[in-house]
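Okay, structure first, notes after.
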Amino acid sequence: MDIKKIFQINNDRSSYPEIGEDGKPIIDLSSHKYVKIWQGPQHPGVTGNMALELTLSGDEIVESKTHVGYLHRGFEKLMERRKFIQCFPTCVRLCVAEPDPNEYLLATCVEELSGIEVPETAQWLRMLVLEMSRLQVLLRGVPGQAGTFALGLGYQWGSYIRDLILDRFEELTGGRVYHMYILPGGVRGLLPDGFKKRLEENLKLADEFVKNINDLMFNNIVFKKRAKGLGYIPKDYIDRYGVYGPAARAAGVMRDIRKTHPYLKYAELDFEPYTTTESDVYARSVVRWHDLKMTIDLIRQIMAKMPEKGEIKAPTPNVMHWRIPKGETYVKCESSRGEYGMYMVTDGSDTPRRVNLKGPSYTHANALLEKLLINANIADTAGIMVSLATCPPEIER
Amino acid sequence: MQQIIQDIESRFTITDKETRRNDLCFLTVDKLQAISLVTYLRDYQGYASLTLLTAVDWIEEGNFQLTYLLNNPSTRTEIGVRTMIDRENATMESTHHLWENIQTYQRELKEMFGIDFPGSPRIDEDFILEGWDNIPPYRRDFDTKKYSEETYFPRPGRETNDPSTYMKSKLYPND
Amino acid sequence: MEKENKPQDIPVVKTKNFIAPENEKRTVTAPDGSLIEVDPINDYFCQERPEEYKVKSGAVEKFLNWARAESLWVLGFGTGCGSIEIPPLVTPRFDMYRYGVQMRPTPRQSNVFIISGYLSVKTLKRAIRSYEQMPSPKYVIGLGSCTINGGMYWDSYNTINRLDHYLPVDVYIAGCMPRPEALLAGFAKLKELIKAGKAEKANEYIRNLDWYKANQKKIIKDWNMPDYNW
Amino acid sequence: MDYSITKFLWTLLGLFIVTNWGMLMSSTIRRIGARVSGRIGIPWYQPWVDLTKLYSLKSQVSHGTMFYLGPVFRLMGGVGLFLFLPMIFGSWHWSNYSFSGDLVLILYFQLFGMLGMALGAGEGGHPYSTIGVSRGLAQFTTIEVPMTLAVISIAIQYHTLSISQIVAAQQGGFFTWTVWTNPFATGAAMLSLLGAFGHSPFNLIQAPNEIPIGPPTEYHGVFLGFLRTNNAILHVAEAALFMNLFFGGATNWIELIVKTFLIYFWSVFVGMVFPRFRIEQSVRWFLKIPTLLGILAIVIFL
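Okay, here's the thing in structure tokens:
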């Protein structure tokens, strides 16, 4: 009798449960080996309003399905019966957490299809707003990763600074969450007096927060134990599953639209997105932390380089009778979650023919999450999900 | 970019092409050639990443336009492959063997446009809507306003005006 | 939409069974080897109708109402985009814990249901289930103009226009989106109502259950749950 | 032991004080936690208001007899722990029903409520309850290992199983406390205490963003009120047990209040800055350092 065999624990569960002839795992719920549970839509660990249908064997997930559609409003249909200018208030609500990329994409689509050049000052202002919006997302998103493992302290600190950034937004645009600052042809207004000084004060707080969060999360032994090696994304998944943004950069693939397809004035800024190769939850979290640092730096660079005064809006036709000639285009920008694009088809009328938003969550939360959750522990679902930065409203729109 | 388009034109019948930017162009091909063009682009030209798959309803011509937008991460260019399929009994070959993430797009198209992709995994399951028994909502002949008014008890008191005529009457009442 | 209005010339794309697979009738093997017929909808769910609760008055009830008002437990269910403004409420700037408002993760332990923004039909079904599982006295706060008249999505085919046709609403908070301060004001208003003994919409729901259920069933096409989810 | 009515009434009064102190302690701790994250936190009287509200809910749904009995068992666990624990050293009024072998009984009572709760929560039928129960029992079994080792070590050290005598042996100065005379047992027990109080990193039983919220998922109204009352009693009683065993006991209520608060605060202090362990990590953690410390404590005194 081999004594070693008795004490050997078989950790390899990759072939569990057995795979049937049709390529699907054989799961017989009435055999009492498996439990089917739903995480969401009413579940505090799921980001936003979506559901995961998990089949468990013990604590381990053997099959997972994502169910979306709880937030479907039919944006793409609604925009088809709104004039171009009416689309803007609708459009910002596409992804609630980070509304400004939506405005930017729609404005850029309209500008590209009707051939409008955006003045330089407006481009700088757009960039500032986009970076501020990224900052407010990351201030919650980076500590939010620890929040999924029940370390809510960083989230509380981050939210406080986020509220200050939202105050600056309010000062600039009048809105706290929805800004509608970017319009076709330019932006709505110049910076108010003393705005840069007040923003700089908030950025100093953010700097301190970046340091604190490093101590709290990345040097925390329990966080390391939970997050390291969790939710590993192999490099060949990047193209097959559609992995973007921080998740791809954590796998060692450079996916940052700001660097690869510089839009606005990003070519004039000096930045280098952080990449690493571990590709687990911890690495993704570190990448987003570096993003946070970089965003603070970028805002400072933008504030230093942008012109104080200048033209902020190119002349546009009467927005009530604005007809855009037939054409189609796809524009993209980098949101905090990854590549964020909009596909627009016009047919010469005063409404868009078709608008399609392509967000990174669409692939992250469906095909990729379903794959990553297999053989994960049920305790880690929230962690894996948040590390992919899922935003449900942009999946179903 | 031009080189690749010339290369494609020598192999496939491109009926229409539109260069939008120097990193984005759209090619229209026949329905039968679309899948082989997409596969060719993926396997031989490095367009390995699928950005999106979506449909446009050209109801006047009785067609759906399917757009496969492919991205080449190394040359940083994008090619949109457009193909027209018939609006009646709309079906298209499934490409779920090429990308794992395309099945989500195909499920959405099946539900929202009624375009069938036989063989695609979970294609018959609900994706976004639940228990929908009307025309697929993204089709142009589905009137969302009418449906909403008939179904969801609109609160009385809302006036709906055509923005252009309404604004004209407000701004220039004398005209 | 009624069956008669349905356009006949369009081929129905979907044919499907509206009962979830775990709720289908089936036979299971008991531990002793015998076979048992199971009909989950009828066997596992309570089909009893709820009863109306008598609104009491008097000093004791006043004290209890005060306690109910000062301890509002909010169900953590973000149903729409308004849920982006609920997390700030538990963070330093707004801190609703000061006012005795706390978040609870399960409907069984909550009293307040914040319908945060628009409700798609799919979410409405879950919202009804969650609402009916909450113990009475329970209150609903309609957050944002989407719950009042549809708001931005008044012409959308998938979002409801008036929340009060499906769930009884105690307090509406207008705006798109309402600021966290507005939410705090809404809580203050709700407390006022509870202390005055006027927040009895849950009873109204039970009194008019048939009307509410008819409205709900009109738009939820795959009704595969009991009439009242205990 | 004294079975007179007077004694019984004094014990009831003690229970009343302990319940209220437990609730005040929990609200204070929550206020401290809120200050760390920059908030003001709940009012100090919030636990009483919550409890009044829970007991005054109009509709309650039951899932069967065991579902009723779960919280009752849990409450009995807490009250039982209190009954056999001498609160104030040397006082007839506050020594409750402690007797010469009470240490063993108390170890049993710690697990008693847990088991009752497991039965009741299982009756609720919610899958998250079941997962929570299996996690809870797995973790509690491993918490008991270092705990029991530490208790055995103390029993060997003081040659008694009576808590009163253990406290008596520690009287006579700061340096006669067990924490100085038997640091290994104290270490093992204090580490297992982290798990017993159920704060981070060992709060996976009620983990709100994994299995909301574990065994009490289905409990509401009076049932939840019972559980909350029990929490208040149990936290003070358990802290008092540790105070008696390791920190010299208390000779008056003020001392008890200060010491139990500090012992409870220890678990919150750790929990504030640590995320939550997974169940297998938690089980392994308890079987490593705390158990080694416990074994060491026994070996030294053998």
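Chains as they are written, first to last, in the numbering used here: chain A, 439 to 835; chain B, 410 to 584; chain C, 4 to 233; chain D, 50 to 351.
Where is the CB? At the ideal position from N, CA and C, for every residue including glycine.
Small disclaimer: the values here were computed from a predicted structure and weren't measured.
| Item | Value |
| --- | --- |
| Close-in-space but distant-in-sequence residues of the same chain around D:K56 (CB under 7 Å, 5 per side omitted) | none |
| Members of the segment 713-732 of chain A near chain B, C-beta cut-off 9 Å | none |
| Rounded separation between A:M744 and B:K577 - CA only | 38 Å |
| Under 8 Å by beta carbon: chain A residues contacting C:R129 | P479, Q480, Y508 |
| Start and end residues, alpha helix (DSSP H) containing A:N640 | 633-651 |
| Contact set between C:D225 and chain B, taken where Cβ atoms lie within less than 7 Å | E539, G540 |
| Proximal chain B residues relative to A:Y670, where beta-carbon distance stays under 9 Å | Chain B residues near A:Y670: none, gap ~16 Å exceeds 9 Å. |
| Buried versus exposed, by CB contacts within 10 Å (16 or more), C:V15 | The pLDDT assigned to C:V15 is 38, lower than 50, so where the model puts this residue is not dependable; a value taken from the coordinates is nonetheless given after this. Per the 10 Å Cβ criterion, exposed. |
| Chain-ordered residues of the segment 593-608 of chain A with a beta carbon less than 9 Å from chain C | Y593, Q594, W595, G596, S597, Y598, R600, D601, L602, L604 |
| Straight-line gap, D:V319 to A:K649 (C-alpha atoms, nearest Å) | 21 Å |
| Closest residue to A:A535 among A:L604, A:R664, A:A644 (Cα-Cα distance) | A:L604 |
| Reference A:L637; option with closest CA among A:I659, A:N657, A:L610 | A:L610 |
| Limits of the beta strand (DSSP E) - the one that A:W476 falls within | 473-477 |
| For A:A489, three-class secondary structure by DSSP | strand |
| Start and end residues, beta strand (DSSP E) containing C:A177 | From DSSP, C:A177 is part of no beta strand (DSSP E); its letter is neither H nor E. |
| CB of D:I254 within 7 Å of CB of D:R333, strictly | no |
| 3 or more residues per run - each beta strand (DSSP E) lying fully within the segment 65-92 of chain C | 75-78 |
| Whole-angstrom distance between C:L212 and C:Y169, CA atom to CA atom | 10 Å |
| Cutoff 7 Å: D:P324 Cβ touching any chain A Cβ | yes |
| Cutoff 8 Å; reference C:L127; Cβ partners in own chain excluding five residues on either side | I163, Y169, Q219, I222, I223 |
| Assumed close pair A:V615, A:P537 - CB separation to whole angstroms, cut-off 8 Å | 7 Å |
| Cβ neighbour criterion (16 or more within 10 Å) applied to D:W155 | It is worth fixing the name first, because residue 155 of chain D is Ile in this sequence and not Trp. Buried, since its Cβ has 16 or more Cβ neighbours within 10 Å. |
| For A:S495, the residue or residues it bridges with in DSSP | A:E498 |
| Per-residue burial, B:T486 [other beta carbons within 10 Å of its own, 16 or more giving buried] | buried |
| For C:T162: DSSP bridge partner residues | C:S123 |
| Ranges of the beta strand (DSSP E) found wholly within the segment 650-680 of chain A, counting only runs of at least 3 | none |
| DSSP beta-bridge partners of A:T504 | A:L490 |
| C:G200 classed as buried or exposed, judged by whether at least 16 other C-beta atoms fall within 10 angstroms | exposed |
| Rounded C-alpha distance that separates D:A187 from D:I328 | 8 Å |
| Residue burial classification, C:D12 (beta-carbon count within 10 angstroms, cutoff 16) | Note that C:D12 scores 40 on pLDDT, short of 50, meaning its location in the model is unreliable; the coordinates nonetheless yield the value given after this. Flag for C:D12 reads exposed. |
| Candidates A:E569, A:T528, A:T546: closest to A:T733 by CA position | A:E569 |
| Cβ contact (3+ pairs, closer than 8 Å) linking the segment 774-782 of chain A and the segment 685-695 of chain A | yes |
| Inter-residue spacing [alpha-carbon to alpha-carbon] between A:A817 and D:I260 | 8 Å |
| Sequence-distant residues of the same chain with beta carbon closer than 7 Å to A:T546, five excluded per side | V769 |
| C-beta atoms of D:T101 and D:A281 nearer than 7 Å | no |
| Residue(s) in a DSSP beta bridge with C:R29 | C:V41 |
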